[in-house]
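Input: a single structure, listed below in structure tokens.
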Amino acid sequence: MDITNTVNILKSLADEVRLSIVRQLVNQGCEASSSEIVASCAKVFSLSQPTMSHHFGRLVESGVLMERKKGTVKYYQINHDQLAAAGIDPFKL
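Under numbering that gives the first Met the number 0, think of the first position of the sequence shown as 0, with each following residue one higher.
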């Protein structure tokens, strides 16, 4: 992994909301639907759904999360390979 990718991952994790999203997904141990995780995170942080979607988009863009679509529903999961390549253990965040 090049330095630019590592910096992007670290920048995305430097935000309290995004770090909490990653921690929540790690604790769940599996992928979560956007409706489940966005709603629960929005309540915890008292943020709007569009703001939460922005945070998820940033995590996907940086490679921290993987996103897949099934119909109209998006599912998110931790990208363990990307984090490992950057020297990050998601279980220690």
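Ideal placement from N, C-alpha and C gives every residue a C-beta, glycine not left out. Predicted model only: the values in this text are computed from it and were never measured.
Among the options, the one whose alpha carbon lies nearest that of residue i
i           : options           : result
residue 51  : 30, 21 and 25     : 21
residue 104 : 79, 61 and 87     : Lying outside 0 to 92, the shown extent of the chain, residue 104 is not represented and no answer is given.
residue 0   : 45, 92, 90 and 86 : 86
residue 64  : 77, 47, 54 and 43 : 77
Other residues of its chain near residue i: CB distance less than 7 Å, five sequence neighbours each side excluded
i          : result
residue 57 : 11 and 17
Short Cβ contact (8 Å threshold) for residue i with residue j
i          : j          : result
residue 73 : residue 19 : no
residue 75 : residue 13 : no
residue 62 : residue 2  : no
Residues near residue i in its chain [Cβ-Cβ closer than 8 Å; skip 5 each side]
i          : result
residue 47 : 41
residue 25 : 77, 89, 90 and 92
Cβ neighbour criterion (16 or more within 10 Å) applied to residue i
i          : result
residue 81 : buried
residue 43 : exposed
residue 6  : exposed
Own chain, CB closer than 6 Å to residue i, minus 5 neighbours either side, in chain order
i          : result
residue 67 : 74
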